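From first to last, the protein sequence lines are chains P and E. For the first sequence, full-length UniProt numbering begins at 1 and goes up steadily by one. For the second sequence, full-length UniProt numbering begins at 1 and goes up steadily by one. Single-structure report; data block below.
There are 2 protein chains.
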Amino acid sequence: MILKSLFLPPSSSCKLFFSNDPLKIVKAKGQYMYDENGRQYLDCINNVAHVGHCHPDVVKAAYEQNQLLNTNSRYLHDNLVDYADRLSKTLPEKLCIFYFLNSGSEANDLALRLARQYTKHEDVIVLDHAYHGHLTSLIDISPYKFRNLEGQKEWVHVAPVPDTYRGLYREDHEDSVTAYADEVKNIIEHAHRKGRKIAAFFVESLPSVGGQIIPPAGYFQKVAGHVHKAGGVFIADEIQVGFGRVGKHFWAFQLQGEDFIPDIVTMGKPIGNGHPLACVATTKEIAAAFAATGVEYFNTFGGNPVSCATGLAVLDVIEKEHLQAHATEVGNFLMKLLKDQQIKHPIIGDVRGCGLFIGVDLIKDQVERTPATAEAEDLIKRLKEKCILLSTDGPGRNVLKFKPPMCFNMEDAKFLVETIDKILTDMEKECLNH
Amino acid sequence: MILKSLFLPPSSSCKLFFSNDPLKIVKAKGQYMYDENGRQYLDCINNVAHVGHCHPDVVKAAYEQNQLLNTNSRYLHDNLVDYADRLSKTLPEKLCIFYFLNSGSEANDLALRLARQYTKHEDVIVLDHAYHGHLTSLIDISPYKFRNLEGQKEWVHVAPVPDTYRGLYREDHEDSVTAYADEVKNIIEHAHRKGRKIAAFFVESLPSVGGQIIPPAGYFQKVAGHVHKAGGVFIADEIQVGFGRVGKHFWAFQLQGEDFIPDIVTMGKPIGNGHPLACVATTKEIAAAFAATGVEYFNTFGGNPVSCATGLAVLDVIEKEHLQAHATEVGNFLMKLLKDQQIKHPIIGDVRGCGLFIGVDLIKDQVERTPATAEAEDLIKRLKEKCILLSTDGPGRNVLKFKPPMCFNMEDAKFLVETIDKILTDMEKECLNH
Numbered sequence: 001m002i003l004k005s006l007f008l009p010p011s012s013s014c015k016l017f018f019s020n021d022p023l024k025i026v027k028a029k030g031q032y033m034y035d036e037n038g039r040q041y042l043d044c045i046n047n048v049a050h051v052g053h054c055h056p057d058v059v060k061a062a063y064e065q066n067q068l069l070n071t072n073s074r075y076l077h078d079n080l081v082d083y084a085d086r087l088s089k090t091l092p093e094k095l096c097i098f099y100f101l102n103s104g105s106e107a108n109d110l111a112l113r114l115a116r117q118y119t120k121h122e123d124v125i126v127l128d129h130a131y132h133g134h135l136t137s138l139i140d141i142s143p144y145k146f147r148n149l150e151g152q153k154e155w156v157h158v159a160p161v162p163d164t165y166r167g168l169y170r171e172d173h174e175d176s177v178t179a180y181a182d183e184v185k186n187i188i189e190h191a192h193r194k195g196r197k198i199a200a201f202f203v204e205s206l207p208s209v210g211g212q213i214i215p216p217a218g219y220f221q222k223v224a225g226h227v228h229k230a231g232g233v234f235i236a237d238e239i240q241v242g243f244g245r246v247g248k249h250f251w252a253f254q255l256q257g258e259d260f261i262p263d264i265v266t267m268g269k270p271i272g273n274g275h276p277l278a279c280v281a282t283t284k285e286i287a288a289a290f291a292a293t294g295v296e297y298f299n300t301f302g303g304n305p306v307s308c309a310t311g312l313a314v315l316d317v318i319e320k321e322h323l324q325a326h327a328t329e330v331g332n333f334l335m336k337l338l339k340d341q342q343i344k345h346p347i348i349g350d351v352r353g354c355g356l357f358i359g360v361d362l363i364k365d366q367v368e369r370t371p372a373t374a375e376a377e378d379l380i381k382r383l384k385e386k387c388i389l390l391s392t393d394g395p396g397r398n399v400l401k402f403k404p405p406m407c408f409n410m411e412d413a414k415f416l417v418e419t420i421d422k423i424l425t426d427m428e429k430e431c432l433n434h
Numbered sequence: 001m002i003l004k005s006l007f008l009p010p011s012s013s014c015k016l017f018f019s020n021d022p023l024k025i026v027k028a029k030g031q032y033m034y035d036e037n038g039r040q041y042l043d044c045i046n047n048v049a050h051v052g053h054c055h056p057d058v059v060k061a062a063y064e065q066n067q068l069l070n071t072n073s074r075y076l077h078d079n080l081v082d083y084a085d086r087l088s089k090t091l092p093e094k095l096c097i098f099y100f101l102n103s104g105s106e107a108n109d110l111a112l113r114l115a116r117q118y119t120k121h122e123d124v125i126v127l128d129h130a131y132h133g134h135l136t137s138l139i140d141i142s143p144y145k146f147r148n149l150e151g152q153k154e155w156v157h158v159a160p161v162p163d164t165y166r167g168l169y170r171e172d173h174e175d176s177v178t179a180y181a182d183e184v185k186n187i188i189e190h191a192h193r194k195g196r197k198i199a200a201f202f203v204e205s206l207p208s209v210g211g212q213i214i215p216p217a218g219y220f221q222k223v224a225g226h227v228h229k230a231g232g233v234f235i236a237d238e239i240q241v242g243f244g245r246v247g248k249h250f251w252a253f254q255l256q257g258e259d260f261i262p263d264i265v266t267m268g269k270p271i272g273n274g275h276p277l278a279c280v281a282t283t284k285e286i287a288a289a290f291a292a293t294g295v296e297y298f299n300t301f302g303g304n305p306v307s308c309a310t311g312l313a314v315l316d317v318i319e320k321e322h323l324q325a326h327a328t329e330v331g332n333f334l335m336k337l338l339k340d341q342q343i344k345h346p347i348i349g350d351v352r353g354c355g356l357f358i359g360v361d362l363i364k365d366q367v368e369r370t371p372a373t374a375e376a377e378d379l380i381k382r383l384k385e386k387c388i389l390l391s392t393d394g395p396g397r398n399v400l401k402f403k404p405p406m407c408f409n410m411e412d413a414k415f416l417v418e419t420i421d422k423i424l425t426d427m428e429k430e431c432l433n434h
């Protein structure tokens with residue numbers, strides 16, 4: 001989306017990157033973008049162009065299907081069956097029902113409907129700073145948004161982010177997993193005392209807007225225990241982090257351990273390499289409860305043959321180009337380079353991540369870990385001058401977030417970290433000279 | 001969307017056409033679809049494949065842009081500006097701000113947010129039997145859906161459909177326009193007495209699921225008067241009926257007269273000829289109130305260069321192939337042929353429409369106008385055997401709805417009506433023989 005006025009300057013409803021000096025990008029290929037002067041930029045941000053900008057296999061699949069047929073799902077079509085089949089092979093057996101939609105927001109809205117229909121409960125527990133989408137129902141469950149708008153609905157409960165670097169319980173806590181899960185348990189008990197009932201615990205498998213957080217392994221299992229006991233379901237939002245980005249696993253929730261299976265998984269962004277496509281996967285039981293209302297769910301564009309062909313092509317490329325293994329290899333290398341920088345530059349407080357999902361937490365001081373917000377913004381601006389596109393996240397907007405197209409390689413990682421090193425060195429010198 | 005299970009038969013959450021004997025369509029071109037045996041079907045239903053299935057110009061535009069760049073709207077791009085510019089030329093000058101999204105449902109949800117943010121009111125007035133989308137917020141304002149689910153929210157008010165054939169005030173009423181508009185006025189007054197405030201009157205410019213209804217001209221103006229007086233806005237949902245389908249005008253709300261301008265217009269289905277694309281157009285004032293919250297609106301896929309290229313190509317084809325004039329010509333011809341049938345077959349109670357949006361209301365008797373539901377279903381089934389795809393709508397599921405791709409031609413109209421004539425004649429004979 002963009003808000004585009006013909007009579008006004010671009011409105012503030014949509015934030016451009018580098019809004020004071022925005023980029024006009026006209027072309028992209030792999031992990032590179034090109035402006036109208038042919039200047040090449042290394043893209044470290046775009047997790048939507050998952051298998052690389054304009055990947056020829058994905059483009060070709062869409063083109064071929066577009067020439068043949070693109071209609072709604074009122075008719076049978078092999079692509080739909082094939083795609084659901086392929087996706088099911090990446091997931092635990094229990095998650096065997098698929099709904100196809102056009103955006104992560106549509107997916108999260110449907111997940112909410114499924115949870116409520118199945119549990120007959122209304123309330124939702126989310127993590128602080130979470131963002132789950134731009135729809136009315138999702139702003140309600142996104143503290144990142146509702147804190148700045150009309151405020152918190154009575155059916156929404158906010159749990160602390162399981163952030164062991166700057167959260168409530170940190171790396172020095174003897175059992176942060178239990179401590180964070182107990183926070184959810186307390187919320188449930190508090191809600192029950194007020195006569196409220198929990199429909200769902202809604203969480204990004206790796207909180208992104210929250211600051212590129214890696215929840216400690218075992219946390220989801222403990223939370224799921226409490227939530228299931230309360231009659232609720234566990235919804236894993238994989239919109240930002242799914243499809244092999246974390247390297248070791250295809251889905252980020254799998255980082256928690258093999259014994260953890262969510263009740264609902266939502267997918268978006270990378271699923272179609274930019275084509276508007278999304279998916280909700282769930283269990284037979286939840287789907288049956290939804291169907292039992294007798295009210296049909298119809299989505300005009302969702303699951304059309306072109307969308308499915310595109311989704312299938314993305315899965316093919318991930319497999320054919322071994323992008324999951326590649327994400328592990330390059331991600332580990334990048335993490336190592338960044339950790340080397342951490343020793344050299346005191347502004348780097350924490351380097352965390354998995355595969356090609358990495359966060360670098362910039363701080364003003366080691367004790368308070370005060371977010372180095374202005375410094376982060378300055379760094380991003382200087383990186384852009386060096387033709388590297390990076391951005392920040394987290395409530396303090398001080399966490400550098402790396403989530404590049406999956407074809408990002410060792411050379412790119414070296415170039416990126418060398419450039420960061422140079423800029424941080426410059427910034428340190430300038431600081432001393434002031 | 002479809003719900004696809006690999007271990008269960010297709011679930012009941014998504015209704016297939018002819019679910020007892022569904023079609024497997026593998027190819028489509030223009031107004032024709034082809035099953036896996038190469039059998040050709042005349043498509044009288046698909047208003048999404050607006051300029052014809054797989055139109056080569058639209059397919060080419062998407063392909064070319066897909067090879068070049070497909071990214072989010074964090075960067076400047078000419079397609080976005082060009083597309084907003086082109087759309088603005090089809091609309092009254094006042095509607096000059098555009099938001100791009102991925103589905104009609106996303107558009108209607110945003111329209112609701114805009115209305116509420118601008119008016120600071122909560123309540124919404126909708127027409128009975130209306131359907132505005134599959135999202136949580138839209139099921140709440142869709143009587144077609146919520147009647148079968150948890151029921152009506154306290155902030156939703158339902159006005160009678162301005163249907164002069166089987167509604168509250170009919171063709172014999174001396175002033176049905178005022179009578180129907182007064183119903184809205186009464187709802188507003190009743191809401192005010194309860195201390196509630198109206199954010200919007202939300203209406204399809206031509207109610208579709210409601211039974212292919214053509215509201216009498218002047219109704220929107222009168223309603224808008226009442227709604228504006230109450231501090232609310234008028235939202236015209238053009239998702240089913242926009243983009244020249246009604247022939248005479250580009251937008252269906254324009255059938256009400258030149259003096260009527262909605263505050264918000266939503267667009268979907270035909271806008272991208274099947275590509276997931278949608279749009280909200282509104283005024284500077286409403287957009288400014290939305291931006292003033294300071295909370296950005298970002299839509300990952302919305303307004304990307306490929307979506308805009310596709311939307312532009314659709315506008316080009318409508319123009320180049322004179323599809324609006326074509327819709328008037330073929331629509332008038334089809335209406336005439338159907339009205340001839342009305343004289344011959346007493347089951348045809350009403351033939352109404354404009355351009356290639358036509359409804360044929362089937363009845364059991366002339367006095368009560370009892371919906372001929374079973375007969376309509378039977379007719380649709382027999383048409384399918386004759387390779388014609390048609391469907392029914394309306395609360396009685398007795399209204400044949402014609403909304404074919406816009407390239408539907410005179411020959412198709414003749415073939416369609418001749419076939420309907422034969423089937424109705426057969427049905428009448430069978431009825432006599434029983």
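For glycine and all other residues, C-beta sits at the position ideal for the given N, C-alpha and C. All values reported here derive from a predicted model rather than from experimental measurement.
| task | With DSSP as the reference, label E:V367 as helix, strand or coil. | result | Taking the second sequence and counting its residues from 1, the one referred to as residue 367 of chain E is at position 367. Assignment of E:V367 by DSSP, reduced to helix, strand and coil, places it in the coil class.
| query | Between the beta-carbon of P:P371 and the beta-carbon of P:I380, is there less than 8 Å? | reply | Sequence index remark: in the first sequence, residue 371 of chain P carries index 371 (1-based). Sequence index remark: in the first sequence, residue 380 of chain P carries index 380 (1-based). Contact: no.
| task | Look at the alpha carbon of E:D421 and the alpha carbon of E:Q341, and state the distance between them as a whole number of angstroms. | result | Within the second sequence, the letter at position 421 stands for residue 421 of chain E. Within the second sequence, the letter at position 341 stands for residue 341 of chain E. Cα to Cα, the separation comes out at about 7 Å.
| request: Spell out whether any CB of chain P is found under 8 Å from the CB atom of E:K4. | output: Position 4 of the second sequence holds residue 4 of chain E. With a pLDDT of 41 at E:K4, under the threshold of 50, the predicted position of this residue should be treated as unreliable, and no value is reported.
| query | Is the number of C-beta pairs between the region 140-153 of chain E and the region 179-199 of chain E that are closer than 8 Å three or more? | reply | Three or more Cβ pairs closer than 8 Å define a contact, and the region 140-153 of chain E falls short of that threshold against the region 179-199 of chain E.
| query | Of all Cβ atoms in chain E, is any one closer than 8 Å to the Cβ of P:T300? | reply | Taking the first sequence and counting its residues from 1, one reaches residue 300 of chain P at position 300. Interface criterion met: the Cβ of P:T300 is under 8 Å from a Cβ in chain E.
| query | Identify the residues that DSSP records as bridge partners of E:M267: which are they? | reply | Within the second sequence, the letter at position 267 stands for residue 267 of chain E. BP columns for E:M267 point to E:C279.
| said: Let's see if you can read the secondary structure: which residues bound the beta strand (DSSP E) around E:D350? | reply: In the second sequence, counting from the first residue as 1, residue 350 of chain E sits at position 350. I348 to C354 is the span of the beta strand (DSSP E), which, as asked, contains E:D350.
| message | In whole angstroms, give me the CA-to-CA distance for E:G274 and P:A374. | response | To locate residue 274 of chain E, count along the second sequence from 1; it is residue 274. To locate residue 374 of chain P, count along the first sequence from 1; it is residue 374. Computed Cα separation, rounded: 44 Å.
| request: Would you identify the three-state DSSP class for P:E329, choosing helix, strand or coil? | output: On the first sequence, residue 329 of chain P is found 329 positions in, with the first residue counted as 1. Three-state DSSP puts P:E329 in a helix.
| request: Indicate the three-state DSSP secondary structure (helix, strand or coil) for P:H190 in the structure shown. | output: Residue 190 of chain P sits at position 190 when you count from the first residue of the first sequence. In this structure, P:H190 counts as helix in the three-state DSSP scheme.
| For E:W251, the nearest candidate out of E:L206, E:E368 and E:K414 (CA to CA) | The residue you call residue 251 of chain E lines up with position 251 of the second sequence. Nearest option by C-alpha distance: E:L206.
| From the beta carbon of P:E296, is the nearest beta carbon of chain E less than 8 Å away? | Residue mapping note: residue 296 of chain P aligns to position 296 of the first sequence, counting from 1. Chain E contact via Cβ: present.
| field | Check whether P:I25 and P:Y34 have beta carbons under 8 Å apart | value | Position 25 of the first sequence, counting from 1, holds the residue named residue 25 of chain P. Position 34 of the first sequence, counting from 1, holds the residue named residue 34 of chain P. Between P:I25 and P:Y34, the gap from beta carbon to beta carbon is short of 8 Å.
| query | Are any of the Cβ atoms in chain P nearer than 8 Å to that of E:D57? | reply | For the purposes of this step, residue 57 of chain E is taken as residue 57 along the second sequence, with counting starting at 1. No, no contact with chain P.
| query | With 16 other CB atoms within 10 Å as the buried threshold, where does E:K15 fall? | reply | As a working mapping, residue 15 of chain E is identified with position 15 in the second sequence. With a 10 Å radius around the Cβ and a threshold of 16 neighbouring Cβ atoms, E:K15 comes out exposed.
| Spatial neighbours of P:L69 in its chain, beta-carbon cut-off 7 Å, leaving aside the 5 residues before and after | Indexing the first sequence from 1 puts residue 69 of chain P at position 69. Excluding the 5 residues flanking it on each side, P:L69 has same chain C-beta neighbours closer than 7 Å at P305, in chain order.
| field | Completely contained beta strand (DSSP E) runs for the region 386-412 of chain P, where each covers 3 or more residues | value | Fully enclosed beta strand (DSSP E) runs of 3 or longer: 391-393 and 399-402.
| request: Within its chain, find whatever has a CB closer than 7 Å to the CB of E:Y131; leave out the 5 residues flanking it on each side and keep chain order. | output: Here the question's residue 131 of chain E lines up with position 131 in the second sequence. Counting only Cβ-Cβ distances below 7 Å, and skipping sequence neighbours, we find S142, Y144, K145 and V209.
| task | Excluding the 5 residues preceding and the 5 following E:I347 in the sequence, name in chain order all residues of the same chain whose CB lies nearer than 7 Å to its CB. | result | Start at 1 with the first residue of the second sequence, and residue 347 of chain E comes out as number 347. Short of 7 Å from the beta carbon of E:I347, and not among the five residues preceding or following it, lie these beta carbons of its own chain, in chain order: L362, I363, A372, E375 and L424.
| Residue span of the beta strand (DSSP E) that contains E:Q256, given as start and end | As a working note, residue 256 of chain E is residue 256 in the second sequence. No beta strand (DSSP E) holds E:Q256; DSSP gives it neither H nor E.
| request: Identify the contact partners of E:V26 in chain P, using a Cβ-Cβ distance below 7 Å as the criterion. | output: On the second sequence, residue 26 of chain E is found 26 positions in, with the first residue counted as 1. The answer, in chain order, is L69.
| Looking at C-alpha atoms only, which residue of E:V233, E:V203, E:K185 and E:G257 is the closest neighbour of E:H226? | Taking the second sequence and counting its residues from 1, one reaches residue 226 of chain E at position 226. Comparing alpha-carbon positions, the option among E:V233, E:V203, E:K185 and E:G257 lying closest to E:H226 turns out to be E:K185.
| From E:D85, E:N102 and E:S105, pick the residue whose C-alpha is nearest to that of E:C96; which is it? | Locating residue 96 of chain E in the second sequence gives position 96, counting from the first residue. When only C-alpha atoms are compared, the closest one is E:D85.
| P:H129: which of P:A236, P:V158, P:L101 and P:S137 sits nearest, CA to CA? | In the first sequence, the residue the question calls residue 129 of chain P occupies position 129. Scanning P:A236, P:V158, P:L101 and P:S137 for the CA closest to the CA of P:H129 turns up P:V158.
| In three-state terms, what does DSSP make of E:Y83? | Within the second sequence, the letter at position 83 stands for residue 83 of chain E. E:Y83 falls in the helix class under three-state DSSP.
| query | Can you list the beta strand (DSSP E) stretches of 3 or more residues lying completely in the region 15-97 of chain E, in chain order? | reply | If you keep only unbroken beta strand (DSSP E) runs of at least 3 residues inside the region 15-97 of chain E, you get 25-29, 32-35 and 40-43.
| message | With the cut-off set at 8 Å, would you say P:F301 and P:F260 are in Cβ contact? | response | Taking the first sequence and counting its residues from 1, one reaches residue 301 of chain P at position 301. Taking the first sequence and counting its residues from 1, one reaches residue 260 of chain P at position 260. Their beta carbons are not under 8 Å apart, which means P:F301 does not touch P:F260 by this criterion.
| Is the region 280-291 of chain E touching the region 52-61 of chain E, taking contact as three or more C-beta pairs under 8 Å? | Too few Cβ pairs lie closer than 8 Å, so no.
| said: Please classify E:S13 as buried or exposed, where buried requires at least 16 other C-beta atoms within 10 Å of its C-beta. | reply: Taking the second sequence and counting its residues from 1, the one referred to as residue 13 of chain E is at position 13. Buried, by the Cβ-count rule.
| Quick one, which residues of the region 133-154 of chain P are near chain E if we go by CB-CB under 7 Å, in chain order? | Contacts with chain E (Cβ-Cβ distance below 7 Å) from the region 133-154 of chain P involve H134, L135, T136, S137, K145, N148 and L149, listed in chain order.
| Which residue comes first and which comes last in the alpha helix (DSSP H) that contains E:L168? | Indexing the second sequence from 1 puts residue 168 of chain E at position 168. Unbroken run through E:L168: none, as it is neither H nor E.
| field | Interface residues of the region 239-273 of chain P facing chain E [CB-CB below 9 Å] | value | Taking 9 Å as the Cβ-Cβ cut-off against chain E, the residues of the region 239-273 of chain P that qualify are I239, G268, K269, G272 and N273.
| request: Leaving out five residues on either side along the sequence, give the residues of the same chain with a beta carbon under 6 Å from the beta carbon of P:P36. | output: Start at 1 with the first residue of the first sequence, and residue 36 of chain P comes out as number 36. Correcting the residue type first, residue 36 of chain P is Glu in the shown sequence and not Pro. Excluding positions up to five away in sequence, the list reads K24 and V26.
| said: Could you give the first and the last residue of the continuous alpha helix (DSSP H) run that contains P:D163? | reply: Taking the first sequence and counting its residues from 1, the one referred to as residue 163 of chain P is at position 163. Note, P:D163: premise wrong, no alpha helix (DSSP H); not H, not E.
| message | Does E:G257 pass the burial test, meaning 16 or more other C-beta atoms within 10 Å, or should it be called exposed? | response | For the purposes of this step, residue 257 of chain E is identified with residue 257 of the second sequence, where counting begins at 1. Looking at its Cβ environment, which holds fewer than 16 other Cβ atoms inside 10 Å, E:G257 is exposed.
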